[in-house]
Amino acid sequence: MPKVKLATKVPEFSLPASGGATWSLKGAAGKKLVVYFYPRDMTSGCTRESQDFRDLYGAFRKAGAQIVGISRDSVASHDKFAHRESLPFALLADTDEKVCKLFDVIKQKSLYGRKYLGVERSTFLVDSTGRLRQEWRKVKVPGHAEEVLEATQRL
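Each residue of the sequence shown is one higher than the one before, starting from 2 at the first, in the numbering used here.
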């Protein structure tokens with residue numbers, strides 16, 4: 002499957018979501034969409050990032066945008082995380098990494114000298130016609146959700 006590129010249409014995908022539903026890209030048609038990829042549920046950086054998107058959720062809605070978070074964690078893990086943090090948006094379970102690979106966010110990482118493949122914290126902004134308009138890779142959490150909101154409001 003080809004990787005998504007700026008200014009091109011994002012290929013249709015669907016994934017199991019927190020709350021037991023299946024989320025699909027076509028369900029977001031006509032709206033702006035913020036897709037953020039994060040390494041793991043309930044880790045400090047991922048919790049902070051999800052809280053930041055949660056806290057700005059009303060402003061994203063006002064800007065006509067939906068938000069979804071994606072990681073390789075299970076739906077059960079997402080349900081627990083979403084409930085614990087009162088997240089008003091869906092978390093999608095990409096356990097087979099199909100969508101992670103589509104967005105090219107699986108990267109070699111290193112922890113205590115051990116190399117492994119993991120999700121690189123990344124965010125993508127899709128316009129109401131389904132085209133990828135902006136991407137943030139190797140995201141640093143502080144101030145990130147605000148920066149994405151500003152880009153969303155300008156779109």
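For each residue, glycine too, the CB sits at the ideal point set by N, CA and C. In this text the structure is predicted, and so the values were computed from the model without any measurement.
Candidates the options, of which the one nearest residue i by Cα
{"i": "residue 9", "options": "70, 131, 27", "result": "131"}
{"i": "residue 105", "options": "45, 134, 124", "result": "124"}
{"i": "residue 88", "options": "72, 77, 68, 107", "result": "68"}
{"i": "residue 58", "options": "90, 151, 77, 108", "result": "90"}
{"i": "residue 143", "options": "12, 46, 85, 19", "result": "46"}
{"i": "residue 77", "options": "64, 70, 94, 61", "result": "94"}
{"i": "residue 153", "options": "129, 140, 138", "result": "129"}
{"i": "residue 92", "options": "155, 109, 18", "result": "18"}
{"i": "residue 21", "options": "133, 31, 83, 136", "result": "83"}
{"i": "residue 97", "options": "55, 72, 4", "result": "72"}
{"i": "residue 30", "options": "14, 43, 115", "result": "14"}
Supposed close pair residue i, residue j - CB separation, criterion 8 Å
{"i": "residue 80", "j": "residue 41", "result": "At roughly 15 Å, the Cβ-Cβ gap does not stay under 8 Å, so residue 80 and residue 41 are not in contact."}
{"i": "residue 39", "j": "residue 149", "result": "Contact flag wrong, Cβ pair sits at about 13 Å."}
{"i": "residue 66", "j": "residue 33", "result": "4 Å"}
{"i": "residue 126", "j": "residue 11", "result": "That belief does not hold up - the Cβ atoms of residue 126 and residue 11 are roughly 11 Å apart, past 8 Å."}
{"i": "residue 145", "j": "residue 86", "result": "Contact flag wrong, Cβ pair sits at about 16 Å."}
{"i": "residue 118", "j": "residue 109", "result": "6 Å"}
{"i": "residue 122", "j": "residue 140", "result": "4 Å"}
{"i": "residue 70", "j": "residue 37", "result": "5 Å"}
Simplified DSSP state of residue i, which is helix, strand or coil
{"i": "residue 83", "result": "helix"}
{"i": "residue 77", "result": "helix"}
{"i": "residue 29", "result": "helix"}
{"i": "residue 60", "result": "helix"}
{"i": "residue 9", "result": "coil"}
N- and C-terminal bounds of the beta strand (DSSP E) containing residue i
{"i": "residue 117", "result": "115-120"}
{"i": "residue 70", "result": "66-72"}
{"i": "residue 17", "result": "15-17"}
Residue i, enclosing alpha helix (DSSP H) - first and last residue
{"i": "residue 45", "result": "45-56"}
Quiz item: Considering only residues of the region 87-150, which uninterrupted beta strand (DSSP E) runs meet the minimum length of 3 residues and lie entirely inside it, listed in chain order?
Solution: 91-94, 107-112, 115-120, 123-127, 133-137
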